[in-house]
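Report on one structure; see the data block that follows.
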Amino acid sequence: MKRMAILAATLSIIIGASFAVSAAVQADDAAPMTEAHIARIRASCVSAQATLMQLHASDALMRVNRGQLFESLSTRLMVPFNSRIAKYTQQNVSLVELASSYDGQLTAFRSNYQQYEEAMSRTLKIDCQNQPVSFYDGVTETRDKRAATHDSVIALQKTIQDYGTQFDIFAKNFQEGTK
Amino acid sequence: MIEEQLVAEAHGLSRWERHKFMLLVGLTIATALFLVWIALGLYNSSGAAQLDLSRPGYKSVQSQVTKDDTFNGYPSTGAMNKAALDQFRGLYAPRATQATGVDSFGGDVMSDQALGLDDPSAPSTE
Chain A
2 MKRMAILAAT LSIIIGASFA VSAAVQADDA APMTEAHIAR IRASCVSAQA TLMQLHASDA
62 LMRVNRGQLF ESLSTRLMVP FNSRIAKYTQ QNVSLVELAS SYDGQLTAFR SNYQQYEEAM
122 SRTLKIDCQN QPVSFYDGVT ETRDKRAATH DSVIALQKTI QDYGTQFDIF AKNFQEGTK
Chain B
149 MIEEQLVAEA HGLSRWERHK FMLLVGLTIA TALFLVWIAL GLYNSSGAAQ LDLSRPGYKS
209 VQSQVTKDDT FNGYPSTGAM NKAALDQFRG LYAPRATQAT GVDSFGGDVM SDQALGLDDP
269 SAPSTE
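Those protein sequences? They're chains A and B, same order as listed. Note that the first sequence ends on residue 180 in our numbering; no numbers are left out. Note that the second sequence ends on residue 274 in our numbering; no numbers are left out.
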C-alpha cells in the first residue's frame, strides 16, 4: 500500500513537472511584444515594406537568372557528359551520384524559393500600420523561408564544385588508363 | 404577318425551349470561368508565377533577364578522349565559377536592423 502511494506521488510529480516545463516553453514562444517594439514597427514599416518590395523584384530576377544557370549546368553539361562517358567506362559512379543529388537539390531550391516568394507576397499585402504584429510575424516567416532558399543555393554550389573536382579525378584516371 | 406568326410560335414553346439559348451562353461562361480557375491554380502551384516577370511590380527588372539561348551545352554523343575532356572542362569551368561566385539570397538584407524593425528595448547585441 505504502509502495503504491510512493509510486503515485512520483508519477504525479513527473506529470506536474512536465506540464510546468511545457507551459514555460509555450509562454516563452508566445512572449508578447513590447509596446516600444510595436511602436517602432508601426513607425518604420512603410519604409520596410518599400525595401521588401524592391527585394521582392530583385529576388525574382535573381531566381530567373540563377535558376537558368543552375538548370543548364545539369541539363546541358552534367547529364550529357555522364551519358557520354557511360558508353566508355563504368568508373563514373560518383559523377552520376553527384548529378542525381544535384537534381534533388535543384528541386528543393525551386520549392524553397516558391515558398519564400509566397510568404513575401503575403507579408507585403498586410496593412502594417493597423496590424504591426502580423506584419512582423510575416517578415519573420519570410526571413526563415529566405534562409532555406539560401541554404539550397549553398548546397547547389557545393555540388557544382564537387562535380568539378570529381571530373578532374575522372579525367586524370581516364587519361592514365588509355595511355 | 410573319411577326405575328413568330409570336404565336413563341407562345407555343415550352419554358425550356424559350430559354435554352440563354442557358447555353450561361453554361459556356461558367465553363470558361471554371477552366480559368483551374489554369490559375496550376499557374500558381507549379511555380510558373514565380518565374513570370511580366507581372505587375517586376517591370523594372524585366530587361535585366539574361538570355541563355546561345549555350548549346555538351554533346552527349561522340568520342571520349583528351579533346572531349578538355571541351567539357572548357564549358563547365566558367559556368561553375559563374554559379558559385555570387552569394544569392543571403539573409542580412532582411534582418530586423536592416529593415528598422528591431526592438528598441532589447539589449544591444553589439
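The beta-carbon is built from N, C-alpha and C at its ideal position, and this holds for glycine as well.
The Cβ atoms of M121/A and H57/A lie closer than 8 Å to each other.
Contact of P33/A with chain B is not assigned, every C-beta pair being separated by 8 Å or more.
Look at D60/A: its C-beta is under 8 Å from a C-beta on chain B. Excluding sequence positions up to five before and after Q158/A, its CB lies less than 6 Å from no other CB in the same chain. Three or more beta-carbon pairs drawn from the region 81-88 of chain A and the region 210-224 of chain B are found closer than 8 Å, and the two stretches are therefore classed as touching. At least 8 Å separates the CB of Y103/A from every CB of chain B. One thing to note: A178/B has its Cβ no nearer than 8 Å to the Cβ of R166/B. Cα atoms of A149/A and M170/B: separation of roughly 53 Å, rounded to the nearest angstrom. Shown here for T160/A: same chain residues with a beta carbon closer than 8 Å to its own, the five before and five after excluded, namely L99, S102, Y103 and Q106 in chain order. Linking T166/A to S75/A through their CA atoms gives a straight-line distance of about 16 Å. Contact note: G165/A reaches chain B through Y240, A241 and A244, using a C-beta cutoff of 8 Å and chain order. Chain-order list of chain A residues neighbouring D217/B: empty, with the shortest C-beta distance near 10 Å, by a criterion of under 7 Å. Comparing C-alpha distances from D60/A to each of P204/B, G254/B, A270/B and L239/B shows the shortest one belongs to G254/B. In this structure, L199/B places its C-beta atom within 8 Å of the C-beta atom of V65/A.
Taking CB atoms only, Q162/A has a neighbour in chain B less than 8 Å away.
Between L70/A and A241/B, the C-beta gap is not smaller than 8 Å, which leaves the two residues out of contact.
Judged by DSSP secondary structure, T124/A falls within the alpha helix (DSSP H) whose first and last residues are V94 to K126. For L199/B, the nearest beta carbon of chain A is closer than 8 Å to its own beta carbon. The continuous alpha helix (DSSP H) containing N192/B extends over residues R163 to S193.
Nearest C-alpha to T141/A among F182/B, P268/B and V257/B: V257/B.
The alpha-carbon of S153/A is positioned some 24 Å away from that of L239/B. Counting the other CB atoms within 10 Å of its CB gives A231/B a total below 16, which places it among the exposed residues. Rounded to the nearest angstrom, the Cβ distance from Y164/A to T143/A is 32 Å, too far for a contact under 8 Å.
Out of R67/A, I42/A and M79/A, the CA that lies nearest to the CA of D251/B is found in R67/A. Using beta-carbon distances, Q212/B counts as an interface residue toward chain A, with a partner under 8 Å.
Inclusion of G205/B and Q115/A in the CB contact set at 8 Å is not warranted, their separation being larger than that value.
Note on geometry: alpha-carbon atoms of R147/A and A172/A lie some 37 Å from one another.
Classified as exposed, A51/A has fewer than 16 neighbouring CB atoms from the shown chains inside 10 Å of its CB. Taken in chain order, the whole alpha helix (DSSP H) runs of length 4 or more contained in the region 243-267 of chain B are 260-263. Counting only Cβ-Cβ distances below 7 Å, R67/A has contacts in chain B at S252, in chain order. Annotated as proximal: Q162/A and A244/B, with beta-carbon spacing under 8 Å. For Q130/A and S193/B, the gap between their C-alpha atoms comes out near 30 Å.
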